[in-house]
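Colleague: Got a structure here, written out as C-alpha cells. Questions coming.
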Amino acid sequence: MKDAPAQKVILVAAARFNVILVAFDTLRFDKVDRLYMPNLCSLLRESVLFTNHYSEAIPTHPSFTTIFTGVSPLVHGIVCHAGSAQLSPKLPTLPRLLEGAGYLTVAVDNLATRLNAGWFAWGFKYYIDIGGIAAISMGVKIVGDVVNARVREALDIVRRHRGEPFFLFVHYWDPHTPYAPPKGYAERYYAGDPAKGELVEVLSSTAWGKSLLKGDWIGNLVKSGIRDLNYIKALYEGEVAYVDEKFGEFVETLGSEGLLEDTLIVITSDHGEGLGEHRVYFDHHGLYEWDVKTPLIIRFPDKLIDEIGRRVKGVAYSALVQNTDIAPTILDALGLSKPSVMTGTSLLKVVKGEWDGYSAVYSVENTRQTARMIRVGSWKLIQWIRADAYGREPGHVELYNLAKDLGETENLAEAERETALKLLGAMEDRFRRIVGAKDPLVTQEISMPITA
Numbered sequence: 116m117k118d119a120p121a122q123k124v125i126l127v128a129a130a131r132f133n134v135i136l137v138a139f140d141t142l143r144f145d146k147v148d149r150l151y152m153p154n155l156c157s158l159l160r161e162s163v164l165f166t167n168h169y170s171e172a173i174p175t176h177p178s179f180t181t182i183f184t185g186v187s188p189l190v191h192g193i194v195c196h197a198g199s200a201q202l203s204p205k206l207p208t209l210p211r212l213l214e215g216a217g218y219l220t221v222a223v224d225n226l227a228t229r230l231n232a233g234w235f236a237w238g239f240k241y242y243i244d245i246g247g248i249a250a251i252s253m254g255v256k257i258v259g260d261v262v263n264a265r266v267r268e269a270l271d272i273v274r275r276h277r278g279e280p281f282f283l284f285v286h287y288w289d290p291h292t293p294y295a296p297p298k299g300y301a302e303r304y305y306a307g308d309p310a311k312g313e314l315v316e317v318l319s320s321t322a323w324g325k326s327l328l329k330g331d332w333i334g335n336l337v338k339s340g341i342r343d344l345n346y347i348k349a350l351y352e353g354e355v356a357y358v359d360e361k362f363g364e365f366v367e368t369l370g371s372e373g374l375l376e377d378t379l380i381v382i383t384s385d386h387g388e389g390l391g392e393h394r395v396y397f398d399h400h401g402l403y404e405w406d407v408k409t410p411l412i413i414r415f416p417d418k419l420i421d422e423i424g425r426r427v428k429g430v431a432y433s434a435l436v437q438n439t440d441i442a443p444t445i446l447d448a449l450g451l452s453k454p455s456v457m458t459g460t461s462l463l464k465v466v467k468g469e470w471d472g473y474s475a476v477y478s479v480e481n482t483r484q485t486a487r488m489i490r491v492g493s494w495k496l497i498q499w500i501r502a503d504a505y506g507r508e509p510g511h512v513e514l515y516n517l518a519k520d521l522g523e524t525e526n527l528a529e530a531e532r533e534t535a536l537k538l539l540g541a542m543e544d545r546f547r548r549i550v551g552a553k554d555p556l557v558t559q560e561i562s563m564p565i566t567a
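Shown next, in the form of C-alpha cells:
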C-alpha cells in the first residue's frame, strides 16, 4: 500500500531486538484468566502485566491510532471510529519510525483497507490484509484461523529477510462481534438452555438493544430460537478461548523458529466489551472499566532483562498507565528516542522503579455516544458531552469509587459532590490546555449514533 508523504527520519536502534505487537480486538481485561486464556497466561509467567492500563480513546480507530502514534487523541484528532477525520501525515508513527531505523516492518491486519483509515498501513513494507471481518465471522471462515494463515505468510517474509530485525503487528479480530466460535467452545462456559430466557424483552428495553434485534447477527439467533442472554455471553467467552488457542499456535511457531529469545513481545487490546453492564450488550460504548481498562502484557528479551537488572518475569504493576505509552516503551527498549510530539511515557521507567505512573488517566469516546473520563487514584468520573440513547443529558456526571465498587454500580456524584467537582475541574483544565476551543469531541460529529 502506498505510504503517505512524510519526511523520513533515519535512526539506528542501539538494540537490534525484534518487536511483535499483538492486539486482540475487543478483549476485556477480566478475561485474561487461565479459565479462558491458558496460553496467554502461560506467557504471563515470562512477562510483566500492567493491571491499570487504559485506552485513551475508544473504540477501534481512535484506540489503534493512539497506540501507533503515542499521541493523545485530543492531539491526533481521531476520536471517532469510521469518522471523517484523517490523521496528519506529519505525525510520526511507530511503524514509520522503526522502518526508518532499519527494521523490516510487516502487518497482519485490515484496518487500513476498511472504513477510510489508510494511515494504519503507513510505514509497513508489507501489509498483509486479513480481509473483511463481517464476511469471515458470519461463517465463511473463523477469523483466528484466517489471521494465523496470514501470520504464516508474514513469517515467510521474515525468513526471507533472515538477519534483519523486524517489527510485526498482528491484529486478531476475535472476540469481536458477531461472536461465532467453533462448535464446543461456548459450551465450556454454558450449561443452560439457550431457548429459555428474556433476551428479546431485555434488548427491547433500549434503543441499542432494539438495533441489535433488527441486525442480522442477533436477529438470526432469535429466529433460530435463542432466548438466553447468558448463552450469548458464553459465545463471547468461547471466542476468547478460541483466539487464545490461535495465539498459542503462533507462540509455538515463534519458539520453533528460534524467534522468542531476541524478540520484544507486546500484547494488548484496543478496548473491551459490554456484556450487559449498564445495559450495554455486546458492544463497546461507554467509558466504564470493562471497556476502557485493557490488558497490557510485555515480554522482554533476555538481553534486555539483563540490562534492566530487575525481576521482570511474572510481575504485575498497578501503576496507572495508558496506551499512549506503548510506542514510547518500544522505542525506549530499542534505544531509540521518542519524537517530542509523543505524549506517552516509556513504561521501562515503571519496570526499573523510576516512575510510579500517572496521577490521572483519561479516555474519550465519540462513536456511538460522546463522553470523557478521568481517573485519579480510586476515583473515576465520566461526563457526557452529548445526550445519549440511554436518557443521559449533556453534562450528566457519574462518579465511582473503584476501591469499593469496581463494577461501577453506585453513582456518587451527588454524595461526593466536592470530589466530583475537583475531578471535573482537573479534566476541563487538561482539555483546555491541550485543545483550547477546538475540542474534537465537539467539532466532530458522532460517527455511528445509536438508532432503534
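Here the sequence shown is numbered in the numbering used here, starting from 116 and rising by one per residue. By construction, the Cβ of each residue, glycine as well, lies at the ideal position given by its N, Cα and C atoms.
Quick check: the stretch 197-206 against the stretch 215-226, are there 3 or more CB pairs under 8 angstroms?
Modeller: The stretch 197-206, when compared against the stretch 215-226, does not touch it at the 8 angstroms Cβ threshold.
Colleague: With 16 as the cutoff for other CB atoms within 10 Å, does Asp359 come out buried or exposed?
Modeller: Asp359 should be labelled buried.
Colleague: Could you give the first and the last residue of the continuous alpha helix (DSSP H) run that contains Leu539?
Modeller: Where Leu539 is concerned, the enclosing alpha helix (DSSP H) stretches over Arg532 to Val550.
Colleague: Candidates Glu469, Ser461 and Pro509: which alpha carbon is nearest Gln484's?
Modeller: For the residues Glu469, Ser461 and Pro509, the minimum Cα distance to Gln484 belongs to Pro509.
Colleague: Kindly indicate which three-state DSSP category Arg487 falls into: helix, strand or coil?
Modeller: Looking at Arg487 - three-state DSSP - the assignment turns out to be strand.
Colleague: Sort Asp398, Val186, Arg131 and Ala356 by Cα distance to Arg303 and report the nearest one.
Modeller: It is Ala356 whose Cα lies nearest to the Cα of Arg303.
Colleague: Would DSSP call His176 helix, strand or coil?
Modeller: In this structure, His176 counts as helix in the three-state DSSP scheme.
Colleague: Report, in whole angstroms, the separation of the C-beta atoms of Ile489 and Tyr477, which I expect to be a contact under 8 angstroms.
Modeller: That pair is a contact at about 5 angstroms.
Colleague: Taking its Cβ as the centre, do 16 or more other Cβ atoms sit within 10 Å of Asp308, making it buried, or is it exposed?
Modeller: Asp308 is exposed by the Cβ-count criterion.
Colleague: Across the stretch 409-418 and the stretch 372-388, are there enough close Cβ pairs to call them in contact, namely three or more that are closer than 8 angstroms?
Modeller: Yes, since at least three Cβ pairs between the stretch 409-418 and the stretch 372-388 fall closer than 8 angstroms, the two stretches touch.
Colleague: If you run the structure through DSSP and keep just helix, strand and coil, what is Ile382?
Modeller: Here Ile382 sits in strand by DSSP.
Colleague: Compare the Cα-Cα distances from Gly492 to each of Leu136, Ala475 and Glu513 and report the closest residue.
Modeller: Ranking Leu136, Ala475 and Glu513 by Cα distance to Gly492 puts Ala475 first.
Colleague: As an exercise, report each continuous alpha helix (DSSP H) stretch of at least 4 residues that is fully enclosed by the stretch 200-226, in chain order.
Modeller: With a minimum length of 4 residues, the continuous alpha helix (DSSP H) runs that stay inside the stretch 200-226 are 209-215.
Colleague: Considering just the uninterrupted stretch of the beta strand (DSSP E) at Ala431, what are its terminal residues?
Modeller: Its beta strand (DSSP E) spans residues Val430 to Tyr432.
Colleague: DSSP on Ile412, reduced to helix/strand/coil?
Modeller: Reduced to three states, the DSSP call for Ile412 is strand.
Colleague: Taking C-beta to C-beta, are Ile549 and Val163 nearer than 8 angstroms?
Modeller: Taking 8 angstroms as the Cβ cut-off, Ile549 and Val163 do not qualify as a contacting pair.
Colleague: Can you give the Cα-Cα distance for Trp332 and Ile341, rounded to whole angstroms?
Modeller: Cα to Cα, Trp332 sits roughly 11 angstroms from Ile341.
Colleague: Going by C-alpha to C-alpha distance, which of Gln437, Gly363 and Asn345 sits closest to Glu171?
Modeller: Closest by alpha carbon: Gln437.
Colleague: Tell me whether Gly259 is buried or exposed, calling it buried when 16 or more other Cβ atoms sit within 10 Å of its Cβ.
Modeller: Per the 10 Å Cβ criterion, buried.
Colleague: Bridge partners of Asp148, per DSSP?
Modeller: Beta-bridge pairing links Asp148 to no other residue.
Colleague: In or out: Val456 buried (at least 16 other Cβ within 10 Å) or exposed?
Modeller: With fewer than 16 Cβ atoms within 10 Å of its Cβ, Val456 is classed as exposed.
Colleague: Under a three-way DSSP split, which group does Ala502 fall into?
Modeller: It is coil, neither helix nor strand.
Colleague: Based on Cα-Cα distance, which residue from Leu158, Val273, Asn481 and Tyr305 lies nearest to Leu402?
Modeller: Closest option to Leu402, Cα to Cα, is Asn481.
Colleague: Report, in whole angstroms, the separation of the C-beta atoms of Asp574 and Gly389, which I expect to be a contact under 8 angstroms.
Modeller: It is not possible to answer for residue 574, since the shown part of the chain is limited to 116 through 567.
Colleague: By DSSP's criteria, Phe165 is part of a beta bridge. Which residues make up the other side?
Modeller: Answer by DSSP bridge pairing, in chain order: Tyr432.
Colleague: For Ile243, collect the residues of the same chain with a Cβ closer than 8 angstroms to its Cβ; drop the 5 residues on either side in sequence, then sort them by chain order.
Modeller: Excluding residues within five positions, the ones whose Cβ falls inside 8 angstroms are Val221, Ala222, Val223, Asp224, Arg265, Glu268 and Ala269.
Colleague: For Gly334, which of helix, strand or coil comes out of DSSP?
Modeller: In this structure, Gly334 counts as helix in the three-state DSSP scheme.
Colleague: Name the DSSP beta bridge partners of Glu480, please?
Modeller: Partner(s): Ile173 and Ala486.
Colleague: Identify every residue that forms a DSSP beta bridge with Lys464.
Modeller: Note: Lys464 sits in no beta bridge, so no partner.
Colleague: Rounded to the nearest angstrom, what separates Asn167 and Thr409 at their Cα positions?
Modeller: Looking at the two C-alpha atoms, the distance is approximately 8 angstroms.
Colleague: Is Gly363 closer than 8 angstroms to Asn154 when the C-beta atoms are compared?
Modeller: Their beta carbons are under 8 angstroms apart, which means Asn154 touches Gly363 by this criterion.
Colleague: May I have the straight-line CA-CA distance separating Met563 from Ile423, to the nearest angstrom?
Modeller: Near 45 angstroms, if we compare the C-alpha coordinates of Ile423 and Met563.
Colleague: On the criterion of 16 or more Cβ atoms from any shown chain inside 10 Å, does Val479 qualify as buried, or is it exposed?
Modeller: It counts as buried.
Colleague: For Met542, which residues in the same chain have their Cβ closer than 6 angstroms to its Cβ, ignoring the five residues on either side in sequence?
Modeller: For Met542, where only same-chain residues beyond five positions count, the Cβ hits under 6 angstroms are Ile489.
Colleague: Given that a residue counts as buried once 16 or more other Cβ atoms are within 10 Å of its Cβ, and exposed if not, what is Arg425?
Modeller: Exposed, because fewer than 16 other Cβ atoms sit within 10 Å of the Cβ of Arg425.
Colleague: With 16 other CB atoms within 10 Å as the buried threshold, where does Glu214 fall?
Modeller: Result: buried.
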